[in-house]
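Structure first, commentary second.
2 protein chains.
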Amino acid sequence: MSASTPGLRGGIERRGLRDHVYERILELLLSGGLEPGTRLGIDTIARDLDVSPTPVREAMVQLERTGLVTREALKGYRVAPPLAADQLAELFDARLMLETTAARMAAPATPDMLADLRSAHARHAAAGERVAAALAQGRVDPSLTAEYFAADTEFHDVVLHHARNRYLVQMSETLGAQVHRMRQTALQGVPDVEEAVAEHGGVVDAFASGGVDEPVAALRRHLDNVRERSLRFERGA
Amino acid sequence: MSASTPGLRGGIERRGLRDHVYERILELLLSGGLEPGTRLGIDTIARDLDVSPTPVREAMVQLERTGLVTREALKGYRVAPPLAADQLAELFDARLMLETTAARMAAPATPDMLADLRSAHARHAAAGERVAAALAQGRVDPSLTAEYFAADTEFHDVVLHHARNRYLVQMSETLGAQVHRMRQTALQGVPDVEEAVAEHGGVVDAFASGGVDEPVAALRRHLDNVRERSLRFERGA
DNA sequence: CGCCCGAGAATCCTATAGGATCTATCCAAG
DNA sequence: CTTGGATAGATCCTATAGGATTCTCGGGCG
């Protein structure tokens, strides 16, 4: 009955191996520690995780869809190159389309949605406070900034999910990894915590007003400002 | 040097096995011959195509992304259930968002785009003629309707590609399979050839006008009409 | 000194084998 | 007649092996 003692398998637990491998590689990629172009050898990863190449191969196919890795037949997988300027512009446009449409669908906001939105906004603001406090001391805590990014994403996801359209959610998930990369490359220092929190507050107020056009406009304004700030960052400082 | 004679391998050529398997299964699914819920056994498919289960498995992971198949851990893959009414509504909304946004980005149309659009429109109209002619004789040719659907898709893709945004194209490809299913389930008889061709002509004229709002409005009108017609079809006849 | 090329190693890709799990059938008990 | 359980078969999942291709590096030639 018992083939091995539970909790002792080298790197990975015994259930749903493929998904576990996928998550491990995903978080490795999202951490941003790997240089673009780095080889992601099947056998190497399999050895590192103490599994066979087959589930690793499946996980890589799944990862291909996120755009974080590129595949060349018979040559293997590599970490995708960083986002070019034109890609960044297109990514912003796509996000703007998705989120403003979602806002229009979600408006007017239900009490449930408003509660979710306020809760997410509070978490985002709190995370922003911690980041700013650490920054004031000259420290840059990677786990804090990761937490801040997660709270930001969560806020935007509240609007998306309350649009009640699974295809929009699916599209957002597809873009998710790229958006994460964008944050890392274009906003390394997180210099816009205050502005972002304030603009999120504006979005909350717009939804609370009960209108339809106001939330859409507020979200559009926010995203345009984010784009503007990241462009300014791109050009230096 | 030579391990086997080229052109003799049972079902599949010798280069990029995984992709070939993917395409074969995809066209099988898009043909609509399989009942929803049908099991898609890895080993069975592997035997039928005369390959090993490994590339089949990879192809299935890739197919999962299209939404045409569903996977349950340790239970295998099945043909996805047909689109429910609410899914259909969400799909229409997502398409409307994508295509109207693409139209706004593509407008005003360049001469190149106008040429592509007119060419695609001509092919669509010609395919529509053939379908209508066959229908007048009481015949329903599956290959003709498939050709007609392809021409319709091509027309819409012209607008999408001239929006010059790879993420929009990517999203459209993600929805592509579902849209295809929608056509099959909600418009089995292709009863709206005339209307569709006429409305496409309206889209062409709107782009030719050189404006920005006109094409967006024309596309929105077209998609709203398609939705209306398929709903009417849904309710009976 | 630079360029080409060929042998070795590493890697990818596909095929096969075996353990684990699910499904279906059959039989017995209520 | 229905229901529960057990056994047999099929299927999925992971691991291992071997052929095919690509990368690397050292030697020879212009």
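From first to last, the protein sequence lines are chains A and B. Each residue of the first sequence is one higher than the one before, starting from 1200 at the first, in this note's numbering. Each residue of the second sequence is one higher than the one before, starting from 1200 at the first, in this note's numbering. Just so you know, even glycine gets a beta-carbon here, dropped at the ideal spot from N, CA and C.
Original post:
Along chain A, which residues have their Cβ under 8 Å away from the Cβ of E1257/B?
Top reply: Here the neighbours are R1256, E1257, V1260.
Original post:
Name the chain A residues whose beta carbon is nearer than 8 Å to that of G1215/B?
Top reply: Ordered by position in chain A, the residues that pass the 8 Å Cβ test against G1215/B are A1272.
Original post:
H1320/B and D1351/B look like a contact to me (Cβ under 8 Å); what is the Cβ gap, rounded to whole Å?
Top reply: 10 Å between Cβ atoms; not a contact.
Original post:
Taking only beta-carbon atoms, is L1207/A less than 7 Å away from chain B?
Top reply: At L1207/A, the pLDDT of 34 sits below 50, so the modelled position is not reliable; the number obtained from the coordinates is stated separately. Answer no: the Cβ-Cβ gap between L1207/A and chain B never drops below 7 Å.
Original post:
Does the count of Cβ pairs from the stretch 1262-1269 of chain B and the stretch 1276-1293 of chain A closer than 8 Å reach three?
Top reply: No, the stretch 1262-1269 of chain B is not in contact with the stretch 1276-1293 of chain A.
Subject >> Residue span of the beta strand (DSSP E) that contains T1269/B, given as start and end >> reply: T1269/B: member of the beta strand (DSSP E) spanning 1268-1271, first to last residue.
Subject >> Closest Cα partner of S1230/B within the set R1382/B, D1292/B, S1429/B >> reply: When the alpha-carbon of S1230/B is set against those of R1382/B, D1292/B, S1429/B, the nearest one is in R1382/B.
**OP:** Using a Cβ cut-off of 7 Å (strictly closer), state whether M1370/A contacts chain B.
**Re:** Residue-level contact by beta carbon holds for M1370/A and chain B, with a gap shorter than 7 Å.
**OP:** Pull up the distance between the alpha-carbon of H1360/A and that of S1371/A, whole angstroms please.
**Re:** Spanning the alpha carbons of H1360/A and S1371/A requires a straight line of approximately 10 Å.
Original post:
Any Cβ of chain B within less than 7 Å of the Cβ of A1293/A?
Top reply: For A1293/A, at least one C-beta of chain B is nearer than 7 Å to its own C-beta.
Original post:
From what residue to what residue does the beta strand (DSSP E) around G1275/A run?
Top reply: Unbroken beta strand (DSSP E) run through G1275/A: 1275-1278.
Original post:
Considering only residues of the same chain and omitting the five flanking positions on each side of E1346/B, which have a CB-CB separation below 6 Å?
Top reply: Same-chain partners within the cutoff: A1326.
Subject >> Buried or exposed (CB count within 10 angstroms, at least 16 for buried), G1206/B >> reply: For G1206/B, the pLDDT reaches just 36, beneath the cut-off of 50, and the residue's location in the model is therefore unreliable, although a value from the coordinates is still provided. Classification for G1206/B: exposed.
Original post:
Within the chosen definition, does the stretch 1396-1407 of chain A reach the stretch 1280-1291 of chain A through at least 3 CB pairs nearer than 8 Å?
Top reply: Touching, no.
Original post:
Cα separation between G1232/B and V1378/A?
Top reply: Distance from the CA of G1232/B to the CA of V1378/A, rounded to the nearest whole angstrom, comes to 39 Å.
Original post:
Using a C-beta cutoff of 7 Å, does M1296/A count as contacting chain B?
Top reply: Closer than 7 Å to the CB of M1296/A there is at least one CB belonging to chain B.
Original post:
In the DSSP assignment, what residue or residues form a beta bridge with R1238/B?
Top reply: Per DSSP, R1277/B.
Original post:
Can you find a CB in chain A that lies within less than 7 Å of the CB of N1364/B?
Top reply: Interface residue, yes.
Original post:
Would you call E1298/B buried or exposed, if buried means 16 or more other Cβ atoms sit within 10 Å of its Cβ?
Top reply: Under the 10 Å beta carbon count, E1298/B is surrounded by 16 or more other beta carbons and is classified as buried.
Subject >> Span separating the alpha-carbon of D1315/B from that of A1305/B >> reply: Answer to the nearest angstrom: the Cα atoms are 13 Å apart.
Subject >> Euclidean distance between Cα positions of L1367/B and T1384/B >> reply: In this structure, the alpha-carbon of L1367/B lies about 25 Å from that of T1384/B.
Original post:
Which residues bound the alpha helix (DSSP H) around R1294/B?
Top reply: For R1294/B, the uninterrupted alpha helix (DSSP H) segment begins and ends at 1284-1305.
**OP:** Have a look at V1392/B and A1331/B and give me their C-alpha separation to the nearest angstrom.
**Re:** So the alpha carbons of these two residues sit roughly 7 Å apart.
Original post:
What's the call for R1294/B, buried or exposed, on a 16-neighbour Cβ count within 10 Å?
Top reply: Looking at its Cβ environment, which holds 16 or more other Cβ atoms inside 10 Å, R1294/B is buried.
Subject >> P1252/B vs A1245/B beta-carbon contact at 7 Å >> reply: Against a cut-off of 7 Å, the Cβ pair of A1245/B and P1252/B comes out as a contact.
Original post:
Who are the Cβ neighbours of M1312/B in its own chain at under 6 Å, not counting the five residues just before and after it?
Top reply: Contacts found: H1361.
Subject >> Every unbroken alpha helix (DSSP H) within the stretch 1338-1382 of chain A, with a cutoff of 4 residues, ordered by chain >> reply: As far as the stretch 1338-1382 of chain A is concerned, its whole alpha helix (DSSP H) runs of at least 4 residues are 1341-1361.
Original post:
Closest by CA to T1309/A, which one among L1239/A, E1226/A, R1363/A, G1240/A?
Top reply: Cα-wise, what sits closest to T1309/A is R1363/A.
Subject >> DSSP-derived helix/strand/coil call for L1233/B >> reply: L1233/B: coil per DSSP, three-state reduction.
Original post:
Mind checking if T1300/A is an interface residue toward chain B, Cβ cutoff 7 Å exclusive?
Top reply: Answer yes: the Cβ-Cβ gap between T1300/A and chain B drops below 7 Å somewhere.
Subject >> Beta carbon of G1401/A nearer than 7 Å to that of A1417/A >> reply: Yes, Cβ-Cβ distance for G1401/A and A1417/A is below 7 Å.
Subject >> Minimum Cβ-Cβ distance from R1264/A to chain B less than 7 Å >> reply: Yes, contact with chain B.
Subject >> Closest by C-alpha distance to A1301/B, when choosing among G1410/B, G1236/B, V1415/B, S1429/B >> reply: Nearest C-alpha to A1301/B: V1415/B.
**OP:** Return yes when at least one heavy atom of the ligand MN lies under 6 Å from the C-beta of R1322/B, else no.
**Re:** This structure lacks the ligand MN; in fact it carries no ligand of any kind.
Original post:
For T1243/B, is the classification buried or exposed, using 16 other Cβ atoms within 10 angstroms of its Cβ as the cut-off for buried?
Top reply: Exposed, by the Cβ-count rule.
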